[in-house]
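A short write-up of the structure that comes next.
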């Protein structure tokens, strides 16, 4: 199956996942 | 309004009330929500160096749970937040950037922000080398090995799909057409938390003194 490079980057890169910021304790 | 409380108890130390309402005017956030975001900002900006600005290490600690090590993506996010390019994220910059991540922010703003994230060298194009560099960075992060020919094939197919004029780089127009066909690419560009930041984080409400 075709793996879209951007799909891969956006789903795998933690540095792009700002939701982590809201989970800081 | 927030200013009426000033004489009784200092709130938003380090960020004036007038600025708060100015920020509310230029973003999707209400003053109340900005106060909640300010609590988050204070937490992030004091995690390593308590000086009222978010340093790269502090953003990294929040997003990656460690202040150490190089991270390509973290660097890009930090650069885009740091509008004034002075090496730290101030509250107004924090709010401006998060505004793009609001569930109701215009999709064009999200598309544009994502484009700038991926345009590593800020040339106005997303180039093959940049995409390759990002994929390799993730493979390294996740300790996954991928044969070179498979990597090349992924890049090749992605560009066959996205690079409409076949010049080897993706311009803004091509990017827009591409992400509208693959809307899941913008998933990271929306933070549902922001829709109701004051109720999602009750601990922040505790410190909030403004009533709607």
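Residue numbers (the working numbering), protein chains in the order written: chain E, 1 to 25; chain X, 26 to 237. Even glycine gets a Cβ: it sits at the ideal position worked out from N, Cα and C.
With burial defined as no fewer than 16 other Cβ atoms inside 10 Å of the residue's Cβ, what is the status of residue 194 of chain X: buried or exposed?
Position 169 of the second chain holds residue 194 of chain X. Classified as buried, residue 194 of chain X has 16 or more neighbouring CB atoms from the shown chains inside 10 Å of its CB.
Give me the Cβ distance between residue 16 of chain E and residue 102 of chain X, rounded to the nearest whole Å; I'm assuming they're in contact under 8 Å.
To locate residue 16 of chain E, count along the first chain from 1; it is residue 16. To locate residue 102 of chain X, count along the second chain from 1; it is residue 77. 7 Å between Cβ atoms; contact.
Which partner residues of residue 114 of chain X appear in the DSSP bridge assignment?
The residue labelled residue 114 of chain X in the question sits at position 89 within the second chain. Paired residues: X:79.
Who are residue 195 of chain X's beta bridge partners in DSSP?
Within the second chain, the letter at position 170 stands for residue 195 of chain X. Paired residues: X:151.
Can you tell me whether DSSP reads residue 40 of chain X as helix, strand or coil?
For the purposes of this step, residue 40 of chain X is taken as residue 15 along the second chain, with counting starting at 1. In this structure, residue 40 of chain X counts as coil in the three-state DSSP scheme.
Apart from the five residues just before and just after residue 108 of chain X, which ones in its own chain have a Cβ nearer than 7 Å to its Cβ?
Counting from one through the second chain, the residue named residue 108 of chain X turns up at place 83. These residues qualify, in order along the chain: 118, 121.
Please classify residue 73 of chain X: does DSSP put it in a helix, a strand, or coil?
The residue you call residue 73 of chain X lines up with position 48 of the second chain. DSSP places residue 73 of chain X in coil when its eight states are reduced to three.
So, does the stretch 206-219 of chain X touch the stretch 132-142 of chain X, judging by three or more C-beta pairs under 8 Å?
In short, these stretches touch, since the Cβ pair count reaches three.
Of all the CB atoms in chain E, is at least one closer than 8 Å to the CB of residue 129 of chain X?
Translated into positions along the second chain, residue 129 of chain X becomes position 104. For residue 129 of chain X, the answer is no, since every Cβ of chain E falls outside 8 Å of its Cβ.
Considering only C-alpha positions, which residue in the set X:161, X:114, X:170 is nearest to residue 77 of chain X?
Here the question's residue 77 of chain X lines up with position 52 in the second chain. It is X:114 whose Cα lies nearest to the Cα of residue 77 of chain X.
In terms of alpha-carbon separation, which member of X:154, X:55, X:158, X:67 lies closest to residue 40 of chain X?
As a working mapping, residue 40 of chain X is identified with position 15 in the second chain. Ranking X:154, X:55, X:158, X:67 by Cα distance to residue 40 of chain X puts X:67 first.
Quick check: is the beta carbon of residue 159 of chain X nearer than 8 Å to any beta carbon in chain E?
In the second chain, counting from the first residue as 1, residue 159 of chain X sits at position 134. Interface residue (Cβ-Cβ distance to chain E less than 8 Å): residue 159 of chain X is classified as such.
From this set, X:173, X:201, X:70, which residue's C-alpha is nearest residue 186 of chain X's C-alpha?
Residue 186 of chain X sits at position 161 when you count from the first residue of the second chain. Of the candidates X:173, X:201, X:70, the residue whose Cα lies closest to the Cα of residue 186 of chain X is X:201.
I need the straight-line Cα distance from residue 19 of chain E to residue 136 of chain X, nearest angstrom please.
Your numbering for residue 19 of chain E matches position 19 in the first chain. Your numbering for residue 136 of chain X matches position 111 in the second chain. C-alpha of residue 19 of chain E to C-alpha of residue 136 of chain X: approximately 18 Å in a straight line.
From X:208, X:188, X:60, X:80, residue whose alpha carbon lies closest to that of residue 106 of chain X
Residue numbering aside, residue 106 of chain X sits at position 81 when the second chain is read from its first letter. Residue X:80 is the option with its Cα nearest to residue 106 of chain X.
Starting from the C-beta of residue 158 of chain X, find all residues in its chain whose C-beta is less than 8 Å away, skip the five residues before and the five after it, and write them out in chain order.
Reading the second chain from its first residue, position 133 is the one you call residue 158 of chain X. 97, 145, listed in sequence order.
Assign residue 148 of chain X to one of two classes, buried (16 or more other C-beta atoms within 10 Å of its C-beta) or exposed (fewer than that).
As a position in the second chain, residue 148 of chain X is number 123, starting the count at 1. The residue is exposed, with fewer than 16 neighbouring Cβ atoms inside 10 Å.
For the stretch 185-212 of chain X, list every residue whose C-beta sits within 9 Å of some C-beta in chain E, in sequence order.
Those would be 186, 187, 203, 204, 207, 209, 210, 211, 212, in chain order.
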